[in-house]
Each structure stands twice: as C-alpha cells, then as structure tokens.
Amino acid sequence: MPIDAPAEVIANHALSTDYNVLALAAPAIAAAAAPGQFVMVKAAFGHDPLLRRPFSVFEVLRDDRGTPTGISLLNKRIGVSTDLLYAARPGQRVACLGPLGRSFTVVDPPTEGWMVAGGVGLAPFVALAEALGTRGVASTLFYGARRAEELFYLDVFRRLGVELVLTTEDGSLGERGRVVAPLERRLAARAADRPVMIYACGPEGMLAATATTAARFGRPCQVSVERIMACGLGGCYSCVVPMRHGHGGFHHVRSCIAGPVLPGDQILWE
Amino acid sequence: MPIDAPAEVIANHALSTDYNVLALAAPAIAAAAAPGQFVMVKAAFGHDPLLRRPFSVFEVLRDDRGTPTGISLLNKRIGVSTDLLYAARPGQRVACLGPLGRSFTVVDPPTEGWMVAGGVGLAPFVALAEALGTRGVASTLFYGARRAEELFYLDVFRRLGVELVLTTEDGSLGERGRVVAPLERRLAARAADRPVMIYACGPEGMLAATATTAARFGRPCQVSVERIMACGLGGCYSCVVPMRHGHGGFHHVRSCIAGPVLPGDQILWE
Amino acid sequence: MDLSVRIGSLTLKNPLVAASGCFGYGVEYAEVVDLSSLGGIAVKGLFLAEREGHPAPRIVETPAGMLNAIGLQGIGVHRFIDEKLPELRARKATVIVNICGTTLNEYVELARILSDAEGVDALELNISCPNIKEGGITFGCSLTGTFDVVSAVRKVTRLPVVPKLTPNVTDVASFARAAEEAGADAVALVNTFLAMVIDVETRRPKISNVVGGLSGPAIRPIAVRMVYECRQTVKIPIVGMGGIAEARDALEFIIAGASAVQVGTASFVDPFIWPKLLDGIRDYMRRHQIARIADLVGTIDARARDHEWTSS
Amino acid sequence: MDLSVRIGSLTLKNPLVAASGCFGYGVEYAEVVDLSSLGGIAVKGLFLAEREGHPAPRIVETPAGMLNAIGLQGIGVHRFIDEKLPELRARKATVIVNICGTTLNEYVELARILSDAEGVDALELNISCPNIKEGGITFGCSLTGTFDVVSAVRKVTRLPVVPKLTPNVTDVASFARAAEEAGADAVALVNTFLAMVIDVETRRPKISNVVGGLSGPAIRPIAVRMVYECRQTVKIPIVGMGGIAEARDALEFIIAGASAVQVGTASFVDPFIWPKLLDGIRDYMRRHQIARIADLVGTIDARARDHEWTSS
Ligand SMILES: Cc1cc2nc3c(=O)[nH]c(=O)nc-3n(C[C@H](O)[C@H](O)[C@H](O)COP(=O)(O)OP(=O)(O)OC[C@H]3O[C@@H](n4cnc5c(N)ncnc54)[C@H](O)[C@@H]3O)c2cc1C
Ligand SMILES: Cc1cc2nc3c(=O)[nH]c(=O)nc-3n(C[C@H](O)[C@H](O)[C@H](O)COP(=O)(O)OP(=O)(O)OC[C@H]3O[C@@H](n4cnc5c(N)ncnc54)[C@H](O)[C@@H]3O)c2cc1C
Ligand SMILES: Cc1cc2nc3c(=O)[nH]c(=O)nc-3n(C[C@H](O)[C@H](O)[C@H](O)COP(=O)(O)O)c2cc1C
Ligand SMILES: Cc1cc2nc3c(=O)[nH]c(=O)nc-3n(C[C@H](O)[C@H](O)[C@H](O)COP(=O)(O)O)c2cc1C
Ligand code: FES
Ligand code: FES
Chain A
153 MPIDAPAEVI
163 ANHALSTDYN
173 VLALAAPAIA
183 AAAAPGQFVM
193 VKAAFGHDPL
203 LRRPFSVFEV
213 LRDDRGTPTG
223 ISLLNKRIGV
233 STDLLYAARP
243 GQRVACLGPL
253 GRSFTVVDPP
263 TEGWMVAGGV
273 GLAPFVALAE
283 ALGTRGVAST
293 LFYGARRAEE
303 LFYLDVFRRL
313 GVELVLTTED
323 GSLGERGRVV
333 APLERRLAAR
343 AADRPVMIYA
353 CGPEGMLAAT
363 ATTAARFGRP
373 CQVSVERIMA
383 CGLGGCYSCV
393 VPMRHGHGGF
403 HHVRSCIAGP
413 VLPGDQILWE
Chain S
153 MPIDAPAEVI
163 ANHALSTDYN
173 VLALAAPAIA
183 AAAAPGQFVM
193 VKAAFGHDPL
203 LRRPFSVFEV
213 LRDDRGTPTG
223 ISLLNKRIGV
233 STDLLYAARP
243 GQRVACLGPL
253 GRSFTVVDPP
263 TEGWMVAGGV
273 GLAPFVALAE
283 ALGTRGVAST
293 LFYGARRAEE
303 LFYLDVFRRL
313 GVELVLTTED
323 GSLGERGRVV
333 APLERRLAAR
343 AADRPVMIYA
353 CGPEGMLAAT
363 ATTAARFGRP
373 CQVSVERIMA
383 CGLGGCYSCV
393 VPMRHGHGGF
403 HHVRSCIAGP
413 VLPGDQILWE
Chain W
1498 MDLSVRIGSL
1508 TLKNPLVAAS
1518 GCFGYGVEYA
1528 EVVDLSSLGG
1538 IAVKGLFLAE
1548 REGHPAPRIV
1558 ETPAGMLNAI
1568 GLQGIGVHRF
1578 IDEKLPELRA
1588 RKATVIVNIC
1598 GTTLNEYVEL
1608 ARILSDAEGV
1618 DALELNISCP
1628 NIKEGGITFG
1638 CSLTGTFDVV
1648 SAVRKVTRLP
1658 VVPKLTPNVT
1668 DVASFARAAE
1678 EAGADAVALV
1688 NTFLAMVIDV
1698 ETRRPKISNV
1708 VGGLSGPAIR
1718 PIAVRMVYEC
1728 RQTVKIPIVG
1738 MGGIAEARDA
1748 LEFIIAGASA
1758 VQVGTASFVD
1768 PFIWPKLLDG
1778 IRDYMRRHQI
1788 ARIADLVGTI
1798 DARARDHEWT
1808 SS
Chain R
1498 MDLSVRIGSL
1508 TLKNPLVAAS
1518 GCFGYGVEYA
1528 EVVDLSSLGG
1538 IAVKGLFLAE
1548 REGHPAPRIV
1558 ETPAGMLNAI
1568 GLQGIGVHRF
1578 IDEKLPELRA
1588 RKATVIVNIC
1598 GTTLNEYVEL
1608 ARILSDAEGV
1618 DALELNISCP
1628 NIKEGGITFG
1638 CSLTGTFDVV
1648 SAVRKVTRLP
1658 VVPKLTPNVT
1668 DVASFARAAE
1678 EAGADAVALV
1688 NTFLAMVIDV
1698 ETRRPKISNV
1708 VGGLSGPAIR
1718 PIAVRMVYEC
1728 RQTVKIPIVG
1738 MGGIAEARDA
1748 LEFIIAGASA
1758 VQVGTASFVD
1768 PFIWPKLLDG
1778 IRDYMRRHQI
1788 ARIADLVGTI
1798 DARARDHEWT
1808 SS
C-alpha cells in the first residue's frame, strides 16, 4: 500500500544549474521502495501547479545502523514543479506518495546487469546497482548525457563496482555520441557470452533504440517509460503505453501500475 | 509612481499564533510611503492564490543613518495569502507594489491627533504616530483587541510619546469592551477643548461607530476603509465605498485611489 | 448525524461519490480507500465494446485544472461485469455505472445488460463526454436528444437513471428539465468543459486529441452556478461536481442545491481525500447543528444584497 | 519585426490590448504604463448614463481566477468624452470604447455619439456582460439579437465595430458568424463565464450580485478552444482573451487564430505586464524567425495525432 508522507526536505544539493538531488525524510516509503519504483510529489501548496509529478526513487537514505530514513530524488528542471523542487529549502515539506509502480526485475548471477541511462534517466539506477551488487551480479552502466558536467554520481557507481561506459553528445567525456552505440557494439562483441539483462531509462527515442537493439541480439530488456501522469494509481488512464498483443494488435496499458518498467520488446514504439 | 519591488523578506517575527510582522527590503517604496498608504503584495508564485493583497505600511525601516531600507507589514492570518505571509522565511521574495492610495492628512499643533485602532487596524498607526510626533502633535491611541496578548507594539507607541487608551473584549487589559466607548467619553469630556483630528482603522462596524461618534461631537474624522481589492490602482472598480453627495444621493468611489483614507462623515454606512 | 442521501430508490450512505473516469473501476483504489466508506463509485465510462481510447499525451495541466482526452478507453460492459463487479460487490461498494453509447440503442442495450447484473446500484448516462466524436455529447447538447435517451433507458430499467449533463451549453437548466420530464431520477453535473492547450513551440495541441475536457478547481465556480440554476428548475436530486478539493467545496455544492457530490481531479492529487472530506462535512454539520445533510441541500440565501443603483 | 495588426480600417501597433473593465478609463494607468505603447485600450464599459453599479463585495478570488460583478459602474458616455478622451488622445492611446445598452437603440445612440467624438478608434459592443439583468447578454445569447445589434450599429458608424461575445453559449462560433454576417469588422472573445461562489459559513453568495463573471488563467483553455472554433468559422479578425498572463499565453491565442489579444485580470496582478508581454512575443518571433505577427495567426497544426482506436 502506498504511503502519503508530508516529507520534510532534509537537504538539497545542486549538481548543476539544471540538476539537483533532493533528500526527503520519508522512512516508510524508503523502507518499501524497490529499484525502478517512483513517487508522486506535490511541490507546491494551492492549486497551481495542481497535480503531483512522478519521480523515480534515486537513493534510499539510511542512518548509521542501515535503517531507511528517507529517499532522494534526482531532479531535472524542465518546468514549473521541477523548478520548485530545484529551489526547495531544507525544512520545507513536499507531499510524497509512494512507492508506486512495478520495479525492475533484479537478476541473479551468472546473468549480468547492463543499465542504459540517458540524462535524468540515471535516476532509477543507483538503487538498481545496489540491488544487483547485493546479489553479486556483475553490472555495467552505459550512461550518456549532453556533456561531461551532466554525468553525475560516477563515483557512487564505481564504489558499487559498476563498470562505466560513458558517452557525451559533445565528446567532453567518454565516447562522443549516443549511448546506444557502445551498447550495440558490446552486444555484438559478446553475442555468444553469458546471459545479460538490459535495463533502460531515458528519453523515448533512446528507449526505443535500446529495446530494438536488445531484441535484435535476442537479449531481454526492461525499460522504464515516462508518461505524463495525473494519479499514479491506475485511476485516470492518462499514462498509457501501447503494448503489442496477438496478431498485430495492441492495447493501452497504464504505465503507472503495469509499469513504469515494461518489457521493451512488447512496446509498440512509434 | 508606484514601484513594484521583488522584495526580499529580511525578518519575520511572530507576535502570536495569528499575528506577525514581516520586514521587507524595499528602499524605494519605504522612501516614498506616507502614513496610511498601502502596498499590494503577492505572497505566492503561480496562479493560486492569484491576486495581490493590500497591506498597510506598518513601519518604515531605516539603516543607521536613517535612510529608508524597507517596510514592515503587520499581518493577521485570516486566509490563504495571510497564512503564506505568516509562514514566509527570510530570503524568500514577495512582489510588493506601492506605495498606493491616499494617506492620512497629518495635522499640526495645536490640533491633537486621536488614533482609533481595532485589532489589525493598528497597522497604519505606527507611521502616523511618528509623523504626528515629528510635528509635535499631541497624540492618543485608542486601541482595542480581543485580549491583552493581541495588543501589540505598546512600547513603541509609548516611546513615541503617544498616550494609550486600551480596551479588550475580555477585559484582560485596559477597559473591557469596545474601543469606541472610551473615545466617546473622552469626546464628551473634552467637548469644548482644543481641536482634535480623529483617525480610525479597523473593522467596518468600528469605523462606522467612530465616524458617527466623531460627527456627533462635530469632530473631523479620517477613516481607513478595508475593501477587497484586485488591482489597487483604480482599474477594476472592485473596492468601492458609497459616499454621500448632493440631496440624499451617493456615488461609489474607488477606495484604492480615492482612499483608503476617506472622510468618515461622507461615507454612507450600511 | 444523518449523512445519507436518496437518489430515486437508492440510498447513498453519504454524499461523497468518486467521479467517473477518475477512479478507474474502483478496484484500483481498494488498497488506498475503503470502498464501502464512499457514498458511491461512478466507474469509468463503459461502452458495449472494449476501446483503446486516444494515444498519449492524454492530459495536460492548466492553471488550477487539467485537460483530458482519454477517449473512453475501457474494457466494455461484459468484461466489467465479469472481472470488476464481483470485487466491487465483495468490497461492499455502491456502484454507479457510467455508460456511453454512439447510438440511442447502445444506451438501451447497456442499460438492459447492467440491469440484469448483480451489484449495479445506478446508471449514470454519460451524454456529455467532450472527447469522442460520435454519440455522447451529441445527445447531451440537444434537448430532444437528452429527452430521448433518458426516456428510452427509463423504459428498460428499474435502476435509478442519472443522466450526466454537459456544461458546454447556454442553458444547462433546460437540459435538467428535459431529463426530469423524461423520467430521470436525478441529474449529475458537470462533466468537463471543452478546452484546448497549444504548445507554442511546436504549434501543436498538447494532447493528442486536439481538444479535451477541463476539470479541477478552475471550473468550480461555474459548476456551482450551474447546480444552483438547475436547483431552481427541477425537483429531482442533483449530483454536483467540478473542482471539489475540500469539504468546504463539497458544502458549497450542497448549499447550492446538490444532494450528493462527486470528486474527480482532486482525488488524483490526494487519493486519501475521502475521509478528510467526510470529517470536514461532519465537523461543519456539528458546528452548524445540522442533523441531516439533506437539510442543508439548496439552503443558499441568495437574495441579491441590493438592487442595481443608478446615480442620483 | 512587424507587430502591427489590422482590425477593419484600424491598425493596432501591436496585438496587445488592455481588456475592458480591467484598465479603468486608461488614464488611471498613465503613471504605470506608457499608454501609447499598447496596441489599444478597451475602456471600461459605458452606458449612455452614469451608473453606480453593484454594492461591494464585487469580486472574489477563485482558484487561478476571480469572479466579478461590478455592475458596469461608469461615468456615462458624455462625461467619458469630456473628461477622459482628451487625456487619452494627448497620450496617443488607441482607444476602443466598450459600449453597453439595455435596448438596441441605446447601442445605436452610443455608436452615433462616439462616432462624432474625436479620438475614438473602434467600438467594442459589449453584448456579453453577465452582470446586468437587462440588455447586454440577452443580445449576446441570441443569434438574431447579435445580428440585429451589430447591423444596427454598423449602419450608423464608420468606426470598426467589434462585438464582444459571451462564452456562455453552446456554439460560440455561430455567434461569430452572425456577427460577421451583420457586418462586424472583428469579434472579440471571451467575456467572463457566469459563475458563483458561496460562503458556506453564512450560506450567502460571496459577491453582492449573487452571480458574477469568471476571468483569469482558470478559463484560458476554454477561451483558446473558442477562439480556435471561431477561426474555423469566420474570416474577420478575432480579438482573443481570457486568462492571458504571459507572452506564451498570448501566443497560444494568436496561434489558435486571434489577430490581437486582450489582457484583463493578469494586469491586476502585474500592472507592469505590458512590456514583458511584448518582449516575450518579440523574443518568440526572433527565435522562430517570424517577421510579421500576422503570419503567426491561426497557424496551429491541429491534425489529431491519431484516430480513435478500438481493440483488435
Ligand atoms: C515514472 C516516472 C519517473 C520519473 N522520474 C524522474 C526523475 O527521477 N527525475 C526527473 O527529473 N524527472 C523524472 N520524471 C519526469 C518528471 O515527472 C517530469 O519532468 C515532471 O513531471 C515535469 O514537471 P514540471 O512541472 O516541471 O513540468 P511542466 O511545467 O508541467 O511541463 C513540462 C513538461 O513536463 C512533462 N510533464 C508534465 N507533467 C508530467 C507528469 N505528470 N508526468 C510526466 N511528465 C510530465 C511534459 O512533457 C511537459 O511538457 C519521471 C517521470 C515518470 C513518468
Ligand atoms: C487598504 C487595506 C489595508 C490593509 N492592511 C492590512 C494590514 O496591514 N494587515 C493585515 O493583516 N491585513 C490588512 N488588510 C486586509 C488584508 O488585505 C486581508 O486580510 C487579506 O487580503 C486577506 O487575504 P487572504 O488571502 O489571507 O484571505 P482569503 O483567503 O483570500 O479570504 C479571506 C477573507 O479576506 C478578505 N479578503 C480577501 N481578499 C482581499 C483583498 N484583496 N482585499 C481585502 N480583503 C480581502 C475577504 O473578506 C475574505 O473573505 C488590509 C486591507 C486593505 C483594503
Ligand atoms: C481523466 C478524466 C477522465 C474522465 N472520464 C469520464 C468518464 O469516463 N465519464 C464521465 O462521465 N466523466 C468523465 N470525466 C469527468 C469527471 O467525471 C467529472 O465530471 C469532471 O472531471 C469534473 O469533476 P472534477 O473537477 O472533480 O474532476 C473524466 C474526468 C477526468 C479528469
Ligand atoms: C473586474 C472586471 C470588469 C470587467 N468589465 C468589463 C466591461 O465593462 N466590459 C466588458 O466587455 N468586459 C468586462 N470584463 C471582461 C474582460 O474584459 C475580459 O473579457 C475577461 O476578464 C477575460 O479576460 P482576462 O481573463 O484576461 O481577465 C471585466 C472583467 C473584470 C475582471
Ligand atoms: S497516472 Fe493515472 S492511470 Fe496512470
Ligand atoms: S482595487 Fe481595483 S479599482 Fe480599487
């Protein structure tokens, strides 16, 4: 059952002029959250902005004894609510409902976990990398952004023993170009290798490319999709994704309850 | 010309669970403000709450050299914007437009200045008391509230040499009852005395009683009325007060530009 | 304290109903809300057949409101009866089924099928959805269409029949009257306002269907006025809605003339809203010494505070 | 960059017009706004005679909007011409006079008087004020009423005639067409939505007139849709308004089909809004390489992103 916490802002670290990490006191949500799940956050009082906004659980925060105390969000400013979350101050409260949605399915060795992140699509992967690490799964993060300064938390992934494959659009760090390119090469190179589960989160085009590439190499792929959501609970049917079924048909599933993590090969990409 | 300042909150002192004094950095407004004028304040971003709210200039704040640096507002929580202003934190900005409206006419000796304040109607009188003091006018503040804890800034008035006549509804300080009673007695007692200008601010009923009483004793009376205002500049015609004219007729004047200070004897009280 | 509300032969245990399209089929909320604690649940609009609705984006936020054009995605009446109704019954929900057709016969057919199903408590006729081209609102925007569909459904069911009116008309009260004359047990209003948001950068509408329906607090003052107008016109109960987000808002509709209210958009923002609304209403009744919520309905004191004045 | 806009024989220097009733007679704002920098000023609605309007409270705030029932307080056309027009002329304002009558003859009379006055640039016919009982909106809610009043005024004036339409109708585009057929040079829309707010503690309406007109950002998506519908229906220019608070909002109306826009409520919140709006529009035109604002009008790309799907 989701919890609605009037979560206090514990800390707000600006990572850049667009990105910040917002730490929220929400022990019950933190204790229940699985990698890939999200929360619905209301950033302001009053009716403008009106609706909550969906955010992946970025980190599960813990006290010295390892007890979950809260969660953090990786926030990217793109509009009114994300602006407010960027400017949030410690002490302030934001309504935070969760954890919601279907999480990533965490694999076991010998299967490897390959994470593919584009920009703010990094958000679910700290938690996933931890879960993979706990199970002893060898993991790789393919992570692309516009430029070096927008590749965040690399040390955290390194500390978790995650192999990093980085790309930037301007070539300022890692390979120049899109993140799907090295993924594809790696898949091609290791076609006959150990089993791999691919996890992807990022812009729709990147997800489609990742899913298609994975399918081409016969690898399973879980993608976390992003849709505009009003309720996050299956009530409004705003967040649908067309999923193939039967003989060329499709149906619309609600990504808030059937997802946000969905099997990449079943999505009817535009 | 009114100034629209994105005024930074310098300090916020809670006086009680309902009242606070909010200090705003707004040098240009502070320099221009006259006693009884008001500012239009927008307490939140976004469109809910939508409109600005009118507030009297409570204090003109000055630096060590006496240069105006800002103003303070005496705020009473009664709804959404006043709640937000009660909770405002230093560093935050509120849009503040002013100074607006017609100020009190400050008299000269030997005329005395009698101020009549009900509750938050105290707001314009710190500034007025200072102005009267500067001119050497002997002044008295008749000040009523619900209870002792809601009689604020008494020391400030004492320091300004203002005689205090206090009333509380529960009798916890000063006379029990409404503030117009001692005013009336004083008027009756001093009917043949020196000239007096009466200034009143507070609930409509108190204003009407003050104006009627003043008129009965043939004393001039300036009242600061409170109307719901959308613009504060004469644009919307929302803030009207019916003023007598001619032969039993009346017309509606806009209290934001013709007031908020109006001659008490010309208002058509309900 | 008596919170119960009568709609035709049906008694709701309290005036709070989940609005159609905003609460799935009810079962989605079973973890979050005690479904039996609600006055009723108006389930998502159902056609005879399954429908996939419009492609995303289906909603866009607007100042104090939102636009939606879901396109009535739904599982169809048969799967609803087989897959959802049993759970709703098991959870003791009061079930109001919102039905949509493209022809009069579809409404009649749906009404027949649902009248035979165990656990349906009332029918809400959606003749006001702005988001589909055929049927629906074409009935709701014509007085004879409204009259015809209500009387046709009336003939085939003993369930309470509650047509849901569109606010996109000049005189909503005349539609309430047509519904009353056709035998409706109550009228529900308002559905959403036809509206549009354009992305100026791409010059494309922000939702796939170009236009959608505006709901949420933004529309509340218009909806309250419409309920008030209908209350002056018809005798049957009114189910009021549009932007209710607090107990005070629900009370506004009740005082304007609604016997029951529905909440849609606000339950997206706060799915735990229901007990808060109920507590707020109870608190109000206590403070105002109102023993029966029915006694509050339509008690607005609407004497204009004054005539118009012309200068003397 | 060409920001000019043509309305009949009149050229506005830019598309930004102060909305009637929200800018007094213009002169109130002379200290705050360079009146000559506006595309135009629609002055407060004028009757032949002076009127005192409704008693306070005349407004109440609502979510992202406000209700008003001023009751058309005003100084009457003669005092306007004597006392305000000269200053407006001196300040080089483009003056659009919003006129109201209780009978068709009053509109005609007003039009005649104003056509003879030096400095009036256009007439906006207020046939849509929801806040007065007689006249006004009774014309605006009837197609023949709209046609009749526009053609009657048309006959007596060479000034551009711009009827202002009410949104409280089922099909606003049909009213735009009636206005066009009657010889209007443009239509302006929307006026406010009839609405109501009740104080639940007293059970009295929050404004003295019981009902009032809703304006502000809350209504914007409905207003944009209506402008879009009218654009599909008439050829004459449209003056769009309803909730514009940012350049982006103004652009939305223009892309939907408005040649000019008016701003009302938002200028209460920010009286210094005008240069900000203009800068925002200029910036947009620069970014999108639009040389003439006229080229942007009605350029919405409104192909529905998809047909409706039914399950396979
Ligand atoms: C499951 C999920 C997880 C997400 N996780 C993160 C995350 O960890 N960090 C992060 O920065 N962002 C995340 N997002 C995206 C985030 O929800 C949007 O950036 C945010 O809603 C934008 O809000 P806004 O008020 O700033 O934008 P607005 O000003 O409202 O609009 C700007 C744009 O944001 C998008 N948007 C608006 N409302 C929603 C909504 N309710 N849901 C989705 N998109 C919307 C629209 O495309 C719109 O054009 C996630 C989205 C989903 C669906
Ligand atoms: C010239 C003038 C000076 C004022 N000075 C002060 C002051 O120094 N300190 C102070 O605490 N209050 C002052 N007020 C009153 C103050 O403006 C209201 O308390 C405030 O607007 C309420 O806003 P809200 O959002 O909290 O209330 P809301 O939640 O909007 O409504 C609560 C009630 O407040 C009143 N109100 C709402 N909007 C306005 C408005 N725009 N103008 C006036 N009343 C309104 C209404 O009666 C309403 O029922 C003054 C009012 C005027 C006209
Ligand atoms: C996402 C969404 C879907 C809706 N679907 C339906 C529907 O299927 N049938 C219907 O009669 N009304 C539907 N409505 C309208 C609501 O039931 C309600 O009339 C409207 O939203 C106003 O109430 P609110 O402001 O509380 O949301 C829908 C509204 C929304 C927001
Ligand atoms: C306080 C107020 C007074 C108004 N008076 C008039 C009027 O006299 N004549 C008129 O045609 N419209 C009048 N209107 C309507 C506005 O001109 C405009 O159509 C409406 O407010 C929508 O625009 P907005 O949302 O930008 O305010 C008035 C609106 C307000 C808020
Ligand atoms: S967000 Fe409401 S159904 Fe998914
Ligand atoms: S507040 Fe707008 S005219 Fe006074």
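Residue numbers (our numbering), protein chains in the order written: chain A, 153 to 422; chain S, 153 to 422; chain W, 1498 to 1809; chain R, 1498 to 1809.
Backbone N, C-alpha and C fix where the C-beta goes; we use that ideal spot for every residue, glycine too.
Here R406/S carries a strand assignment [DSSP, helix/strand/coil]. Here M153/S is exposed, its C-beta having fewer than 16 other C-beta atoms within 10 Å. Comparing alpha-carbon positions, the option among I1778/R, E1678/R, L1774/R lying closest to K1732/R turns out to be E1678/R. Annotated three-state conformation of H397/A is strand, per DSSP. Taking 8 Å as the threshold, the shortest C-beta distance from E1698/W to chain A does not fall below it.
A distance of 8 Å or more separates the beta carbons of L236/A and E282/A. Residues of the stretch 1561–1587 of chain R that bring their beta carbon within less than 9 Å of a beta carbon in chain A comprise A1561, in sequence order. Among the CB atoms of chain A, one or more fall inside 8 Å of the CB of G198/S. Within the DSSP secondary-structure output, F1690/W pairs in a beta bridge with L1711/W. For the C-beta of I1797/R, the chain W residues within less than 8 Å are, from N- to C-terminus, I1695, R1700, R1701, P1702. Note that the C-beta distance between R1651/W and T1730/W is not below 8 Å. Under the 10 Å beta carbon count, M1498/R is surrounded by fewer than 16 other beta carbons and is classified as exposed. Setting aside the 5 residues that flank it on each side, A1799/W is surrounded in the same chain by Y1725, each with a C-beta closer than 8 Å to its C-beta; the list follows chain order.
Counting along the chain, E315/S sits inside the beta strand (DSSP E) bounded by residues 315–320.
In the DSSP assignment, F1769/R falls outside any beta strand (DSSP E) and carries neither an H nor an E. E1549/W sits in coil when the DSSP states are folded into three classes, being neither helix nor strand. Contact of M395/A with chain W is not assigned, every C-beta pair being separated by 8 Å or more. One finds nothing in chain S with a Cβ atom closer than 9 Å to the Cβ of V1594/R; even the nearest lies about 16 Å away.
For R205/A, the pairing in a beta bridge is given by DSSP as V193/A. For H1575/R, the enclosing alpha helix (DSSP H) starts and ends at 1573–1576. In this structure, DSSP gives S1612/W a helical state, which the three-state scheme calls helix. When the beta-carbon positions are compared, P276/S and P187/S come within less than 8 Å of each other.
Within 7 Å of the CB of E1749/R, the CB atoms of chain W belong to I1695, V1697, in sequence order along the chain. Taking A163/S as reference, the option from R245/S, V375/S, L284/S, D216/S with the minimal CA-CA separation is R245/S. C388/S has its Cβ nearer than 7 Å to a heavy atom of ligand 4. Residue environment for S1533/R: exposed (fewer than 16 other C-beta atoms within 10 angstroms of its C-beta). Shown here, E422/A sits in coil according to DSSP, grouped into three states, outside any helix or strand. Around the CB of F1769/W, fewer than 16 other CB atoms lie within 10 Å, so the residue is classed as exposed. Excluding residues up to 5 positions away in sequence, V209, G250, P251, L252, G253, S255 lie with their Cβ nearer than 7 Å to the Cβ of Q189/A in the same chain. If one requires a minimum length of 4 residues, the alpha helix (DSSP H) runs lying completely within the stretch 1726–1801 of chain W are 1744–1753, 1762–1766, 1770–1784, in chain order. In the three-state reduction of the DSSP assignment, M381/S falls in the coil class, being assigned neither a helical nor a strand state. At a threshold of 7 Å, L213/A does not count as near ligand 2, since its beta carbon sits no closer than that to any of the ligand's heavy atoms.
Nearest Cα to V272/S within the set T219/S, E356/S, G329/S: E356/S. In terms of CA proximity to V377/S, I419/S leads the group I419/S, F369/S, F304/S.
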